[in-house]
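Going by the working numbering, the final residue of the sequence shown carries number 397, and the count climbs one at a time with no gaps.
The next block holds one structure in the form of structure tokens; read it before the comments.
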Amino acid sequence: MKLILIVGTRPNFVKIASILKACEKYLQINKLLVHTGQHYSKSMNASFFADLEIKDPDINLEVGSGSHVQQTANIMKLFEPIVLDYKPDAILVVGDVNSTLACSLVAIKLKVKLIHIEAGLRSFDRNMPEEINRLLTDTISDILFVTEPAGVKNLRNEGIGESKIFLVGDVMADTLKFFKKKAIKSKILKKLKLKKKKYCVLTLHRPENVDDILILSQIMKALMKIQKKIKIIFPIHPRTKKNIKMMNLEIKMKQMSNLIVIPPLSYLDFVKLVSKSKVVFTDSGGIQEETSILGIPCLTLRENTERPITISLGTNRITGRDPDKIIKMYQETYIIDKKRIQSKFWDGKASQRIIQILLDLF
Ligand code: UD1
Numbered sequence: 036m037k038l039i040l041i042v043g044t045r046p047n048f049v050k051i052a053s054i055l056k057a058c059e060k061y062l063q064i065n066k067l068l069v070h071t072g073q074h075y076s077k078s079m080n081a082s083f084f085a086d087l088e089i090k091d092p093d094i095n096l097e098v099g100s101g102s103h104v105q106q107t108a109n110i111m112k113l114f115e116p117i118v119l120d121y122k123p124d125a126i127l128v129v130g131d132v133n134s135t136l137a138c139s140l141v142a143i144k145l146k147v148k149l150i151h152i153e154a155g156l157r158s159f160d161r162n163m164p165e166e167i168n169r170l171l172t173d174t175i176s177d178i179l180f181v182t183e184p185a186g187v188k189n190l191r192n193e194g195i196g197e198s199k200i201f202l203v204g205d206v207m208a209d210t211l212k213f214f215k216k217k218a219i220k221s222k223i224l225k226k227l228k229l230k231k232k233k234y235c236v237l238t239l240h241r242p243e244n245v246d247d248i249l250i251l252s253q254i255m256k257a258l259m260k261i262q263k264k265i266k267i268i269f270p271i272h273p274r275t276k277k278n279i280k281m282m283n284l285e286i287k288m289k290q291m292s293n294l295i296v297i298p299p300l301s302y303l304d305f306v307k308l309v310s311k312s313k314v315v316f317t318d319s320g321g322i323q324e325e326t327s328i329l330g331i332p333c334l335t336l337r338e339n340t341e342r343p344i345t346i347s348l349g350t351n352r353i354t355g356r357d358p359d360k361i362i363k364m365y366q367e368t369y370i371i372d373k374k375r376i377q378s379k380f381w382d383g384k385a386s387q388r389i390i391q392i393l394l395d396l397f
């Protein structure tokens with residue numbers, strides 16, 4: 036089987052790590068790892084490859100940043116000759132970023148089979164670029180690997196053929212389970228002088244939160260109050276850093292003496308930081324799952340989630356962006372029943388199931 040595997044951004048690296056591991060023992064799988072270069076800064080890219088023990092990509096398209104249209108189009112143009120040259124049996128994409136959609140479009144245009152990992156998730160909010168990427172990628176995929184039951188329901192509702200859908204569980208959980216022991220050794224708590232459960236973690240990067248000054252100011256208003264009670268560690272995404280500067284919100288941030296802004300963390304440091312925290316505030320998709328698997332309360336600073344399993348298991352709560360509601364939900368911080376969160380979809384074997392299915396199909 037000749038497979039091209041696509042990565043482009045941080046969450047893609049986490050997902051592909053477990054797929055690559057599951058492929059290791061099957062010599063009959065020839066793989067070409069293509070990095071689109073959507074994420075390129077050391078802290079967003081190389082440090083993840085090192086932590087996750089991923090080999091260097093065979094090809095890097097070095098597409099870099101740009102408008103969504105430019106980024107998608109540039110990836111497509113650069114990726115087409117690679118597919119024509121390598122002649123894969125299938126192209127495997129993960130997640131919902133621009134790199135995912137761009138390479139999926141190349142696959143369908145060149146009539147190469149398309150495999151989508153993490154198919155079927157829906158926030159039902161078409162203002163989110165990721166929702167468009169998910170919908171379009173799923174529509175043209177030949178094999179759809181789904182992380183949770185809601186994803187199967189969504190795909191059925193959209194008329195995707197039953198024979199294409201496989202509920203296999205979450206490959207992010209595979210990676211987390213595999214690297215958890217290694218992450219324990221991270222010295223990040225010592226480095227930041229933190230004590231277990233005496234701090235919160237914040238991540239914020241969604242355009243709908245950080246590209247809009249009113250919404251970002253509302254979130255900061257809530258943080259202003261919360262940080263008076265507890266330290267908040269904020270590994271800042273470059274998009275957010277750039278916008279805070281552009282919107283002249285830096286002064287406001289500096290007034291929050293307990294909001295500790297640090298550069299983006301590598302995977303192992305981040306897992307350790309989250310696993311010892313009291314609460315995580317986030318607008319990320321993957322972090323809602325990772326906190327759930329680690330049994331850490333998560334408050335999602337969004338109006339919706341495409342990962343409803345994290346809500347039904349009781350680990351994640353949607354706060355919206357109203358400051359009073361965020362503060363209230365933080366004050367109601369809850370204890371997680373660790374027994375309840377043993378989801379069979381997070382058993383660490385999703386990648387193995389995926390590879391087994393692919394070997395049967397090809
Ligand atoms: C992208 C994904 C998002 C995912 C996130 C994970 C899309 C539409 N969005 O968002 O779904 O949750 O990655 O982090 O694909 N930048 C750097 N260095 C980098 C990469 C980006 O400085 O290595 C800066 C650039 O200024 C760039 C901005 O961050 O313009 C945004 O990067 P981009 O890849 O467009 O989107 P993300 O916000 O990272």
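Glycine residues also receive a C-beta, built at the ideal position from the N, C-alpha and C atoms.
Three-way DSSP call (helix, strand, coil) for residue i in this model
i    : result
V236 : strand
F397 : coil
L202 : strand
L227 : coil
N168 : helix
I268 : strand
I376 : coil
H151 : strand
K215 : helix
N278 : helix
F316 : strand
R241 : coil
L40  : strand
T335 : strand
L329 : helix
Cβ-heavy atom distance, residue i to ligand 1, below 8 Å
i    : result
K280 : no
V42  : no
Through-space distance from residue j to residue i, alpha-carbon basis
i    : j    : result
M215 : V306 : What sits at residue 215 in the sequence shown is Lys, not Met. Spanning the two alpha carbons is a distance of roughly 8 Å.
Q323 : R342 : 8 Å
A154 : P184 : 11 Å
S158 : V147 : 28 Å
T464 : F269 : With the chain running from 36 to 397 in the structure shown, residue 464 is simply not present.
H70  : D372 : 39 Å
T326 : K360 : 21 Å
E285 : D131 : 31 Å
P404 : T182 : This structure cannot speak to residue 404, because the chain is shown only from 36 to 397.
I39  : T174 : 20 Å
K122 : P358 : 52 Å
N293 : K230 : 14 Å
M36  : L202 : 22 Å
Q105 : M163 : 17 Å
N133 : K363 : 35 Å
Y365 : T238 : 15 Å
L170 : S176 : 10 Å
I376 : Q73  : 33 Å
M259 : A108 : 40 Å
L224 : V315 : 15 Å
D247 : I254 : 11 Å
K188 : D124 : 28 Å
K60  : S378 : 27 Å
E115 : V141 : 6 Å
Integer Cβ distance of residue i from residue j, believed to fall under 8 Å
i    : j    : result
K110 : V98  : Per the sequence shown, residue 110 should be read as Ile rather than Lys. At roughly 5 Å, the Cβ-Cβ gap stays under 8 Å, so I110 and V98 are in contact.
S310 : L329 : 5 Å
S102 : P273 : At roughly 16 Å, the Cβ-Cβ gap does not stay under 8 Å, so S102 and P273 are not in contact.
D18  : N244 : Shown here, the chain extends from 36 to 397; a query on residue 18 therefore has no answer.
G204 : F380 : 4 Å
A52  : I89  : 5 Å
S221 : D304 : 5 Å
G383 : F213 : 7 Å
Within the structure, which residues are defined as neighbours of ligand 1 by a Cβ-heavy atom distance below 7 Å, reported in chain order?
-> Checking every Cβ against the heavy atoms of ligand 1 under 7 Å gives T44, R45, P46, Q73, H74, Y75, S76, M79, N80, S100, H103, Q106, D131, V132, N133, S134, P164, E165, N168, H240, P242, H272, P273, R274, K277, S319, G320.
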